[in-house]
Amino acid sequence: MGESRFLSPAAVALAPLSAPRLFILGGLALIIAGMLFGDIFAVFVLHQNGGRTGAMLLAAAQAAADQDAIGVRNAFGSMAGLLEDRGTKIDTHVHVTDAGYLSLLLALIQPYVAFSAYRKRQLAQSFLAGSIMLAVGIFLIHYVGVAHSPFAVIGWGSVLADAGGALLVLAVAAEMWGLWNHFRANPLELKPEFPGAISWAERALLSGGTLLVLLGFLYGAWYAAFDLYPQERVELRILNDLAIEASSHNPAGIAHAVDDYSGLSAARAVSIAAHSHVIEFGLLALLLSFVQPYIFLSEVWKTRWAVLFLTGSVLL
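If you number the sequence shown the way this note's numbering does, the last residue is 317 and the count never jumps.
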């Protein structure tokens, strides 16, 4: 009795284990998992990885100055492993989070997918399974490598990621086919099946999400216009200085050039991360605004969480 007054008509109509419920709960779980993984990676891996990559670049330059071909090869081999480790973890973070966004979007179109409830539920389960397989496979690429793989250059991690990606693509393609069949049979049916009333939390998430997306686009345009190409010129200058200092057998100059390159890489990564995260949180706010009727909380708590989410997005 106490909780029933918080449930909207749309929430009451949302059947247990239905496709919309699976997409909403699964999407939120994927987004939370992606954010937590990104936070852990940023705190415990990213900066340490960057420091070791800079050390390997320094070692490669010093080995080149000493004309040590084996040392250069070993240093660049270590750098390749560090960059692969960093790249696969960033890809895991991005793919898990983006799959969550897509899951929320698919939840919104379920009333317009011309399949039975059972078939919709199967597609939702396939989508979520494919999303998990894709993320786990990408994460394992660096650790599994090509050991015991029947392929020369493709490891089991890549096989799992590709299989998950294929399952995800098939599920989305089937959803689009169901959507096409619905509108082909009902070409004039454009009225949404969601509640018409809009709460303060929904308005805040809609307007705040729109502003975050706009802010992200503006920042990206500013970065591309005023920072991107100057940074590329600085990068070329630093690498040229590094080659000159290595050929001159100047350890101090080599170390200074490597430090400059590490600082430039960090500045570029921060700018790109700020641009992408602002847009992603704006999109998430927009998607969350549409699923508010299915959130089993009072309007006061919905408002508090909306304000907290938007505040955290700006601070991040």
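Note that the Cβ used here is the ideal one computed from N, Cα and C, for glycine as well.
For residue i, the nearest candidate out of the options (CA to CA)
i      : options                        : result
Ala268 : Val114, Ser79, His48, Ile33    : His48
Asp260 : Gly52, Phe45, Leu29, Val44     : Gly52
Ile1   : Ile245, Asp228, Tyr262, Asn182 : Past the boundaries of the shown model lies residue 1; the chain is included only from 2 to 317, so the question cannot be answered.
Leu59  : Phe45, Val46, Arg74            : Arg74
Leu265 : Arg185, Gly254, Tyr230, Ser290 : Tyr230
Ala76  : Gly210, Val301, Ile33, Ala56   : Ala56
Leu109 : Leu316, Phe310, Leu311, Leu289 : Leu289
Asn187 : Trp201, Val114, Gly146         : Val114
Pro112 : His183, Gly209, Thr312, Ile139 : His183
Ala270 : Phe291, Ile139, Gly221         : Gly221
Phe140 : Gly166, Asp92, Gly165, Phe152  : Asp92
Phe116 : Leu168, Leu309, Trp178         : Trp178
Ile377 : Leu29, Phe291, Ser314          : Past the edges of the chain, shown from 2 to 317, lies residue 377, and the structure says nothing about it.
Ala164 : His149, Ser248, Val137         : Val137
Ser277 : Leu213, Ile255, Ala256, Ser79  : Leu213
Tyr119 : Leu23, Gly254, Ala256, Asn241  : Leu23
Supposed contact pair residue j and residue i - C-beta distance, whole angstroms, cut 8 Å
i      : j      : result
Leu135 : Ile25  : Leu135 to Ile25, Cβ: 20 Å. No contact.
Ser132 : Leu31  : 6 Å
Ile239 : Tyr262 : 5 Å
Gly101 : Gly156 : Wrong, their Cβ atoms sit about 26 Å apart, outside the cutoff.
His94  : Phe42  : 6 Å
Thr98  : His143 : So it is not a contact: roughly 19 Å between Cβ atoms.
Leu206 : Ala286 : 5 Å
Gln63  : Pro252 : 6 Å
Ala258 : Leu243 : 4 Å
His250 : Ala66  : 5 Å
Glu176 : Leu107 : 6 Å
Gly209 : Leu316 : Gly209 to Leu316, Cβ: 13 Å. No contact.
Lys121 : Ala20  : 4 Å
Ala130 : Leu161 : Rounded, the Cβ-Cβ distance is 12 Å, inconsistent with contact.
Checklist entry - Should the stretch 275-283 be regarded as contacting the stretch 208-217, the criterion being three or more beta carbon pairs within less than 8 Å? => result yes
Checklist entry - Does the stretch 71-85 come close enough to the stretch 286-304 to have 3 or more Cβ pairs within less than 8 Å? => result The answer is no - the stretch 286-304 does not touch the stretch 71-85, with fewer than three Cβ pairs under 8 Å.
Next on the checklist: Please give me, in chain order, every unbroken run of the alpha helix (DSSP H) with length at least 4 that falls completely inside the stretch 155-212.
Outcome noted: 157-186
Checklist entry - Within the chosen definition, does the stretch 110-126 reach the stretch 170-188 through at least 3 CB pairs nearer than 8 Å? => result yes
Next on the checklist: Under 8 Å: do the stretch 228-237 and the stretch 299-307 share three or more Cβ pairs, one atom per stretch?
Outcome noted: no
Item to check | Segments assigned alpha helix (DSSP H), at least 4 residues, entirely inside the stretch 226-291 | outcome: Counting whole runs of 4 or more residues, the stretch 226-291 contains the alpha helix (DSSP H) stretches 230-248, 252-291.
Checklist entry - Along the chain, which unbroken stretches of the alpha helix (DSSP H) at least 4 residues long are found entirely within the stretch 55-133? => result 70-110
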